[in-house]
């Protein structure tokens, strides 16, 4: 079945850039998403990218999509302590189902 | 305030005792979905609903039932809970599937002993 993989942990220093990576197997996805989960809360959509785009920029966030390698990344510029959270990559499977990754726990060190 | 609500937020129960987790949204959303979150496994979709009376299985539907009799409500039913259903459950809704953002509820932490 479809699979979405992420590394489990990432630690960066405040002010540095963070890059969170995701690989997926389903090439029929129309949209690919990044969600953020803060402690004790549900998920919130950060950004999404249409499958025919290579890049999308939204303030401090840059999403890169490499369809050939089925690789999605989220770059957070000037990472702040408030960015500490779990980040989930998600894809739609083309049949109204969503597949989420395992989540990457980002820890920002002051 | 636009929101997705879930009740209860915390539940401890025993094996085999039927339970229902309610989910309600006030945004007139067509699409609703249930997920479970487990350490190291991320979020996995249990069931989803495209509209009233239209539901379909996600990746891990075994042991769960859902119903969508009204647009705003999408309860998750565990007829005979087992310890492997101990998890954090999230309900979500969106105006439509695909491009529209899914709004998540605050989560229900379920423990089955």
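Protein chains in written order, with the numbering used here: chain H, 2 to 111; chain G, 9 to 121. Yeah, the Cβ is synthetic: ideal placement off N, Cα and C, and Gly gets one too.
Tell me whether residue i sits in a helix, a strand or coil according to DSSP, three-state version.
i                     : result
residue 50 (chain G)  : strand
residue 92 (chain G)  : helix
residue 82 (chain H)  : helix
residue 27 (chain H)  : coil
residue 97 (chain H)  : coil
residue 70 (chain H)  : coil
residue 58 (chain G)  : strand
residue 108 (chain G) : coil
residue 32 (chain G)  : strand
residue 77 (chain G)  : coil
residue 88 (chain H)  : strand
residue 101 (chain G) : strand
residue 54 (chain H)  : coil
residue 14 (chain H)  : strand
List the whole-angstrom C-beta distance separating residue i from residue j, where the pair is believed to meet the contact cut-off of C-beta under 8 Å.
i                    : j                     : result
residue 99 (chain H) : residue 86 (chain H)  : Residue 99 (chain H) to residue 86 (chain H), Cβ: 19 Å. No contact.
residue 88 (chain H) : residue 107 (chain H) : 6 Å
residue 17 (chain H) : residue 80 (chain H)  : 6 Å
residue 77 (chain G) : residue 60 (chain G)  : 7 Å
Among the options, whose alpha-carbon lies nearest the alpha-carbon of residue i?
i                     : options                     : result
residue 43 (chain G)  : G:104, G:94 and G:37        : G:94
residue 78 (chain H)  : H:69, H:68 and H:59         : H:59
residue 96 (chain G)  : G:14, G:10 and G:79         : G:14
residue 28 (chain G)  : G:85, G:104 and G:48        : G:85
residue 79 (chain G)  : G:109, G:102, G:92 and G:98 : G:102
residue 66 (chain H)  : H:105, H:20 and H:109       : H:20
residue 120 (chain G) : G:40, G:41 and G:87         : G:87
(message) Counting beta carbon pairs with one atom in the region 42 to 55 of chain G and one in the region 64 to 73 of chain G, are three or more of them shorter than 8 Å?
(response) yes
(message) Would the region 10 to 29 of chain G count as touching the region 26 to 40 of chain H if we require 3 or more Cβ pairs under 8 Å?
(response) no
(message) Against chain H, which members of the region 31 to 43 of chain G pass a CB distance test of less than 8 Å?
(response) 39, 41 and 43
(message) Using a Cβ distance threshold of 8 Å, determine whether the region 104 to 116 of chain G contacts the region 39 to 58 of chain H, with at least three qualifying pairs required.
(response) yes
(request) Could you run through the region 83 to 96 of chain H and flag, in chain order, every residue whose CB is less than 7 Å away from some CB of chain G? (result) 89 and 93
(request) Using a Cβ-Cβ cut-off of less than 7 Å, list which residues of the region 24 to 38 of chain H approach chain G; keep chain order. (result) 31 and 32
(request) Report the residues of the region 51 to 65 of chain G with a CB closer than 8 Å to any CB of chain H, ordered along the chain. (result) 51, 52, 53, 56, 58 and 64
(message) By the 8 Å beta-carbon criterion, what residues does the region 5 to 21 of chain H contribute toward chain G?
(response) 5, 7 and 9
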